[in-house]
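Residue numbers (the numbering used here), protein chains in the order written: chain V, 297 to 529; chain F, 297 to 529.
Just so it is clear, CB atoms sit at the ideal spot from N, CA and C, and this is done for glycine as well.
Following: one structure in structure tokens, then a few remarks.
Number of protein chains: 2
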Amino acid sequence: MQKDGRMQQQYHNTFSIDNVILGFDSGELKVLLIERAEETFIGQMALPGNLVREDENLDSGAARILFELTGLEESHLEQLYTFGDVNRHPLGRVITVAYYSLIRIQDFNLIPRSSFARKASWVKVSEIPSLAFDHNLIVNKALKRIRGKLRYKPIGFDLLPEKFTLRQLQELYESILQIPIDTRNFRKKIITYDFLVACGEKQQQVSHRAAKLYHFDKKRYQELEQQGFNFDL
Amino acid sequence: MQKDGRMQQQYHNTFSIDNVILGFDSGELKVLLIERAEETFIGQMALPGNLVREDENLDSGAARILFELTGLEESHLEQLYTFGDVNRHPLGRVITVAYYSLIRIQDFNLIPRSSFARKASWVKVSEIPSLAFDHNLIVNKALKRIRGKLRYKPIGFDLLPEKFTLRQLQELYESILQIPIDTRNFRKKIITYDFLVACGEKQQQVSHRAAKLYHFDKKRYQELEQQGFNFDL
Numbered sequence: 297m298q299k300d301g302r303m304q305q306q307y308h309n310t311f312s313i314d315n316v317i318l319g320f321d322s323g324e325l326k327v328l329l330i331e332r333a334e335e336t337f338i339g340q341m342a343l344p345g346n347l348v349r350e351d352e353n354l355d356s357g358a359a360r361i362l363f364e365l366t367g368l369e370e371s372h373l374e375q376l377y378t379f380g381d382v383n384r385h386p387l388g389r390v391i392t393v394a395y396y397s398l399i400r401i402q403d404f405n406l407i408p409r410s411s412f413a414r415k416a417s418w419v420k421v422s423e424i425p426s427l428a429f430d431h432n433l434i435v436n437k438a439l440k441r442i443r444g445k446l447r448y449k450p451i452g453f454d455l456l457p458e459k460f461t462l463r464q465l466q467e468l469y470e471s472i473l474q475i476p477i478d479t480r481n482f483r484k485k486i487i488t489y490d491f492l493v494a495c496g497e498k499q500q501q502v503s504h505r506a507a508k509l510y511h512f513d514k515k516r517y518q519e520l521e522q523q524g525f526n527f528d529l
Numbered sequence: 297m298q299k300d301g302r303m304q305q306q307y308h309n310t311f312s313i314d315n316v317i318l319g320f321d322s323g324e325l326k327v328l329l330i331e332r333a334e335e336t337f338i339g340q341m342a343l344p345g346n347l348v349r350e351d352e353n354l355d356s357g358a359a360r361i362l363f364e365l366t367g368l369e370e371s372h373l374e375q376l377y378t379f380g381d382v383n384r385h386p387l388g389r390v391i392t393v394a395y396y397s398l399i400r401i402q403d404f405n406l407i408p409r410s411s412f413a414r415k416a417s418w419v420k421v422s423e424i425p426s427l428a429f430d431h432n433l434i435v436n437k438a439l440k441r442i443r444g445k446l447r448y449k450p451i452g453f454d455l456l457p458e459k460f461t462l463r464q465l466q467e468l469y470e471s472i473l474q475i476p477i478d479t480r481n482f483r484k485k486i487i488t489y490d491f492l493v494a495c496g497e498k499q500q501q502v503s504h505r506a507a508k509l510y511h512f513d514k515k516r517y518q519e520l521e522q523q524g525f526n527f528d529l
């Protein structure tokens with residue numbers, strides 16, 4: 297309803313939120329992109345984002361946008377950075393607060409319930425097209441942040457299924473850090489960490505030899521962290 | 297000139313910037329606070345902050361605010377977090393982008409050239425009074441950030457004079473992390489790092505036994521970091 301008016305609108309001071317939602321699937325890191333249903337950049341690929349409503353806090357706005365795209369209600373969105381260059385939006389001064397989240401792709405279906413997106417899809421991080429606004433810049437900032445954080449926090453487990461193989465874990469690290477990892481050293485190191493627990497199960501329905509499944513014992517990790525343990529995988 | 301109008305103003309959507317400027321002096325971590333010269337909260341202690349101008353990027357705004365208070369032109373301000381709760385400002389919807397910087401107190405004098413501050417002073421982090429708006433929350437966020445970062449990045453050296461003693465370095469860590477540090481272990485660890493270089497000089501004009509002076513070889517540190525070295529002091 298607001299659409300026709302908005303097409304002509306010049307923004308004075310406006311805040312928006314853009315979400316960088318990352319997932320991991322088939323050995324590849326992926327980002328959730330939408331096709332914009334609104335001016336400006338209508339029809340172009342972009343991060344899911346929206347103007348902040350008068351009555352909503354920033355965190356709530358970020359959660360709303362994620363929910364409208366995915367139906368996910370419990371997500372751990374973290375503020376990434378605020379982008380506010382004078383000319384970043386063609387219609388005026390709009391600063392955008394970017395959030396990011398690492399989620400399990402397997403946990404939900406993409407069902408856009410939102411006015412801002414025609415459709416949503418997972419795109420390999422290595423194949424991100426030219427995005428609307430400064431959204432390529434925002435995605436790059438998010439990738440840089442998680443690359444840095446991955447080295448000293450066990451954030452990677454948020455992207456894996458509840459039960460995973462050591463190969464999947466290694467692929468995750470390789471895919472995010474974009475470096476090859478030596479399998480023997482990687483596994484040798486992992487074994488020393490007692491927050492990685494063998495489930496006593498193996499993969500089902502795989503064509504190759506079924507591998508053991510593990511899970512991440514978050515509670516145990518937190519205990520170790522309190523005792524001054526430094527994560528470093 | 298705008299002041300009288302502003303007193304009655306209700307903000308619709310407005311952005312501001314607030315800076316958490318931290319320094320280290322006499323063994324204590326300190327934060328730069330101002331006495332506000334403007335409504336609202338006039339006369340109350342607050343972080344140095346101001347509305348973002350129409351023609352300035354966020355980073356430039358943060359640098360301008362720091363310059364107006366200190367005359368410091370080259371400073372490494374980093375974006376901290378954006379605070380935008382619906383009710384954080386009594387006059388309407390104002391989101392504020394917070395920046396932080398670690399500076400050498402010794403390098404400058406406080407000469408407010410700004411309209412927003414009556415005066416400025418360094419306040420011990422352990423003695424911060426109740427501040428305007430949500431500024432206590434913002435300071436706490438900055439402290440948490442640097443406590444975390446201090447453990448894996450050599451940011452502490454930005455707070456020390458060019459040449460410092462090992463005692464000063466230890467006091468800095470103790471003051472920021474708020475934990476006592478074992479002197480022997482601390483020094484034993486430091487000696488293994490070749491980016492800490494003895495200047496071949498001693499302290500001047502001290503009443504106690506003059507201690508050796510060191511400096512931080514940033515270039516050497518960066519080389520080591522590129523080779524995959526993990527800082528951990």
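Beta carbon proximity, residue i to chain F, threshold 8 angstroms
i, result
"residue 306 of chain V", "no"
"residue 391 of chain V", "yes"
"residue 378 of chain V", "yes"
"residue 375 of chain V", "yes"
Short CB-CB distance (under 8 angstroms) between residue i and chain V
i, result
"residue 505 of chain F", "no"
"residue 311 of chain F", "yes"
"residue 382 of chain F", "yes"
Residue i, enclosing beta strand (DSSP E) - first and last residue
i, result
"residue 320 of chain F", "307-321"
"residue 332 of chain V", "324-332"
"residue 347 of chain F", "345-347"
"residue 504 of chain F", "Segment: none, residue 504 of chain F is in no beta strand (DSSP E) and carries neither H nor E."
"residue 414 of chain V", "413-420"
Burial state of residue i (16 or more Cβ within 10 Å)
i, result
"residue 494 of chain F", "exposed"
"residue 525 of chain F", "exposed"
"residue 428 of chain V", "buried"
"residue 479 of chain F", "exposed"
"residue 332 of chain V", "buried"
"residue 314 of chain F", "buried"
"residue 430 of chain V", "buried"
"residue 309 of chain V", "buried"
"residue 452 of chain V", "buried"
"residue 346 of chain F", "buried"
"residue 504 of chain V", "exposed"
"residue 330 of chain F", "buried"
"residue 506 of chain F", "exposed"
"residue 596 of chain F", "Residue 596 of chain F is absent from the model: chain F starts at 297 and stops at 529."
"residue 326 of chain F", "buried"
"residue 323 of chain F", "exposed"
"residue 407 of chain V", "exposed"
Span of the alpha helix (DSSP H), counted from its first residue to its last, around residue i
i, result
"residue 468 of chain V", "462-473"
"residue 521 of chain F", "514-522"
"residue 438 of chain F", "431-446"
"residue 498 of chain F", "Note, residue 498 of chain F: premise wrong, no alpha helix (DSSP H); beta strand (DSSP E) at 492-498."
"residue 453 of chain F", "No alpha helix (DSSP H) contains residue 453 of chain F, which DSSP labels as neither H nor E."
"residue 481 of chain F", "479-487"
ask   = Quick one, which residues of the stretch 449-480 of chain V are near chain F if we go by CB-CB under 7 angstroms, in chain order?
value = none
task = Could you tell me which uninterrupted beta strand (DSSP E) segments, each at least 3 residues in length, are contained entirely in the stretch 361-399 of chain F, listed from first to last along the chain?
result = 374-379 and 388-398
request  = Give the residues from the stretch 331-360 of chain F that approach chain V closer than 8 angstroms (Cβ to any Cβ), ordered along the chain.
outcome  = 348, 350, 351, 352, 353 and 354
Interface positions of the stretch 492-518 of chain F facing chain V (Cβ-Cβ less than 9 angstroms), listed along the chain = none
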